[in-house]
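Engineer: Residue numbers for the sequence shown follow numbering that gives the first Met the number 0, so the first one is 0 and each next one is one higher.
Have a look at this one before I ask anything.
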Amino acid sequence: MIRRFIPLVITCLALSGCDAITGADLTTTTPPVTETTPAGETSTTTASPNSTPGLAIVPTGGASLFAAPAGEPLQSVHEGLILPVLSTEGPWLEVMDSCSNVAWVSESQMQVVPRANPQSPGTGFDLSQSVVIVDAGHGGRDWGAPGPDGTRESFFNLDIADRLRDLLLTSHDVDWATGRITPGETYSAIGGAYMTRDTEGPDEGDFEAGLAYRAAMANSVGADALLSIHNNTGTDRTLQDPPRAVFYALTVEGSDRLASLIDEELFRSFDPFASEWQGSAIQGTASRMDVETGGDFYGLLRRSAVPAVIIEGVYVTDPTQNMLLQTTVFRQAYAEGVYRGLIRFLTTDEVGSVINEPVPFEGNVGSPSTSSCVVPEQP
């Protein structure tokens with residue numbers, strides 16, 4: 000396919016489903032990059048002395064969180080919470096909690112996922128050794144965009160992310176002519192798919208999570224992609240095409256290609272549901288540059304060291320699109336569109352037909368500060 004850059008004019012949308020930098024997310028921690036054991040060898044295992052932990056999963060019964068190695072415990076953190084590992088010190092793991100604070104845990108108390116060995120996307124890519132982070136946008140007191148009937152964007156995001164994770168952890172055939180996904184062996188289950196807000200974790204996944212935490216999960220485990228699931232707000236025009244938007248990380252190689260392929264597959268998923276849509280100027284692939292720094296405007300994308308996208312599906316605030324989001328058929332179609340785009344990104348050299356040029360942006364997308372964020376505690 001032909002790759003072309005098209006200037007895109009983007010206006011600020013207050014309370015947008017996209018996340019920007021705020022509050023406690025101002026601290027950036029970059030994990031060490033070293034040769035490690037592939038994540039595909041096991042989904043949860045205790046790291047050997049020669050491996051570098053990537054993620055620490057709190058086991059059944061919870062685990063203690065410490066301010067420093069061998070110090071006084073801060074709290075008992077909730078079972079199922081996944082903590083990115085930043086460094087190690089003897090039997091202690093330096094981690095980032097879900098509110099983006101640095102803390103420590105005892106390795107002996109945790110289930111540890113080793114950091115993955117990196118692969119280059121393209122022909123011959125081994126999906127069984129791949130690791131992907133699926134980020135359900137918003138959560139807890141941060142509802143995201145509100146629907147006209149009081150429904151929450153964060154609920155829709157979580158359900159779609161859960162469906163995507165399920166697709167990634169099973170093998171499939173894909174009819175690329177129609178987009179139909181069926182059980183099969185053409186595309187194997189990936190080695191690891193981890194959710195920033197997991198339906199099997201604290202509060203069934205409905206908790207607040209900082210942007211630095213979300214990005215650190217992908218960076219620490221050496222993920223092949225970070226996929227942030229959102230839906231949008233603020234329609235101002237009628238469109239003939241589905242009003243999806245996929246924002247890509249400005250400085251991470253491959254992010255724009257990933258966005259272009261997901262955009263094409265979301266179009267394929269959404270197009271049968273309507274012939275006319277309400278939307279805005281934000282459509283297709285996009286990237287926003289901070290006018291002061293020239294870097295990514297969005298904190299999640301700015302922090303990511305792996306190919307990363309923020310996916311805005313449809314508009315929660317539009318009554319018709321909100322009703323679509325309330326159906327399992329549409330939410331499954333959303334998840335399948337992202338799945339197909341990711342599979343194309345990982346296993347081929349294809350590039351989507353349109354990648355819009357990054358544009359300068361200043362404004363506020365309405366993301367709340369994490370200053371009052373609470374790390375889920377074990378009951």
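Each residue gets a CB set at the ideal place from its N, CA and C atoms; glycine is no exception.
Only a predicted model underlies this, so the values are computations on that prediction, with no experimental measurement involved.
So, for Gln-199: in the same chain, excluding its five sequence neighbours on each side, which residues have a beta-carbon less than 7 Å away from its beta-carbon?
Structural biologist: The question names Gln, but residue 199 is Glu in the sequence shown. Gly-79, listed in sequence order.
Engineer: Quick one: what's got a C-beta closer than 6 Å to Gly-146's C-beta in the same chain, skipping five residues either side?
Structural biologist: Val-315 and Asn-321
Engineer: Specify whether the segment 291–301 and the segment 210–229 touch according to this definition: at least 3 beta carbon pairs, one from each stretch, less than 8 Å apart.
Structural biologist: Output reads yes: the segment 210–229 touches the segment 291–301.
Engineer: Between the Cα of Ala-135 and the Cα atoms of Asp-205, Glu-264, Tyr-247 and Gln-239, which residue gives the shortest distance?
Structural biologist: Asp-205
Engineer: Which residue comes first and which comes last in the alpha helix (DSSP H) that contains Tyr-338?
Structural biologist: 327–346
Engineer: What number of angstroms, rounded off, separates the C-alpha of Pro-52 from the C-alpha of Gln-110?
Structural biologist: 10 Å
Engineer: Give me whichever residues DSSP pairs with Ser-75 in a beta bridge.
Structural biologist: Ser-63
Engineer: What is the DSSP secondary structure of Tyr-193, counted as helix, strand or coil?
Structural biologist: strand
Engineer: Look at the Cβ atom of Leu-345, then the Cβ atom of Ser-129, and state whether they are nearer than 9 Å.
Structural biologist: Contact annotation: Leu-345 and Ser-129 have beta-carbon atoms nearer than 9 Å.
Engineer: Is DSSP giving Val-305 helix, strand or coil here?
Structural biologist: coil
Engineer: If we call anything under 9 Å between Cβ atoms a contact, is Glu-341 one with Ile-261?
Structural biologist: The residue you asked about is not Glu; residue 341 is Leu in the sequence shown. Taking 9 Å as the Cβ cut-off, Leu-341 and Ile-261 qualify as a contacting pair.
Engineer: Helix, strand or coil for Val-220? Go by DSSP, reduced to three states.
Structural biologist: helix
Engineer: Rounding to the nearest angstrom, what Cα-Cα distance links Glu-34 and Cys-372 in this structure?
Structural biologist: At Glu-34, the pLDDT of 30 sits below 50, so the modelled position is not reliable; the number obtained from the coordinates is stated separately. In a straight line, the C-alpha of Glu-34 is about 34 Å away from that of Cys-372.
Engineer: Can you find the residues in the same chain that come closer than 7 Å, C-beta to C-beta, to Pro-359, ignoring five residues on each side of it along the sequence?
Structural biologist: Short of 7 Å from the beta carbon of Pro-359, and not among the five residues preceding or following it, lie these beta carbons of its own chain, in chain order: Met-288 and Val-290.
Engineer: On the premise that Thr-347 lies in contact with Glu-121, defined as a C-beta separation below 8 Å, what is that separation, rounded to the nearest angstrom?
Structural biologist: Reading off the sequence, residue 121 comes out as Gly, not Glu. About 7 Å; that satisfies the 8 Å criterion.
Engineer: Can you look up Pro-359 in the DSSP assignment and give me helix, strand or coil?
Structural biologist: Here Pro-359 sits in strand by DSSP.
Engineer: How big is the Cα-Cα spacing for Ser-254 and Leu-226?
Structural biologist: 10 Å
Engineer: Suppose the cutoff is 8 Å on Cβ atoms and the five residues either side in sequence are ignored; what does the same chain contact list for Pro-182 look like?
Structural biologist: Thr-169, Ser-170, His-171 and Asp-172
Engineer: Can you give the Cα-Cα distance for Ser-119 and Pro-242, rounded to whole angstroms?
Structural biologist: 31 Å
Engineer: Using DSSP with H/G/I as helix, E/B as strand and the rest coil, what is Ala-144?
Structural biologist: coil
Engineer: In terms of alpha-carbon separation, which member of Ala-307, Arg-256 and Gln-239 lies closest to Ser-279?
Structural biologist: Gln-239
Engineer: With the cut-off set at 9 Å, would you say Gly-351 and Ala-222 are in Cβ contact?
Structural biologist: no
Engineer: Which parts of the segment 197–264 are runs of the beta strand (DSSP E), unbroken and 3 residues or longer, counting only runs that do not cross its ends?
Structural biologist: 224–231, 236–238 and 244–247
Engineer: What residue range is occupied by the uninterrupted alpha helix (DSSP H) comprising Pro-318?
Structural biologist: 318–324
Engineer: Answer with buried or exposed for Glu-88, where buried requires no fewer than 16 other C-beta atoms within 10 angstroms of its C-beta.
Structural biologist: exposed
Engineer: What did DSSP end up calling Ala-160 once you bin it into helix, strand or coil?
Structural biologist: helix
Engineer: Taking DSSP as the reference, what is the three-state secondary structure of Ser-97?
Structural biologist: coil
Engineer: Helix, strand or coil: how does DSSP classify Ser-274 here?
Structural biologist: DSSP places Ser-274 outside both helix and strand once states are collapsed to three, so it counts as coil.
Engineer: What residues in its chain sit with their C-beta under 7 Å from that of Ile-310, if we drop five residues either side in the sequence?
Structural biologist: Leu-226, Ser-227, Ile-228, His-229, Val-245, Ile-261 and Val-337
Engineer: Buried or exposed: Arg-256, going by 16 or more other Cβ atoms within 10 Å of its Cβ?
Structural biologist: buried
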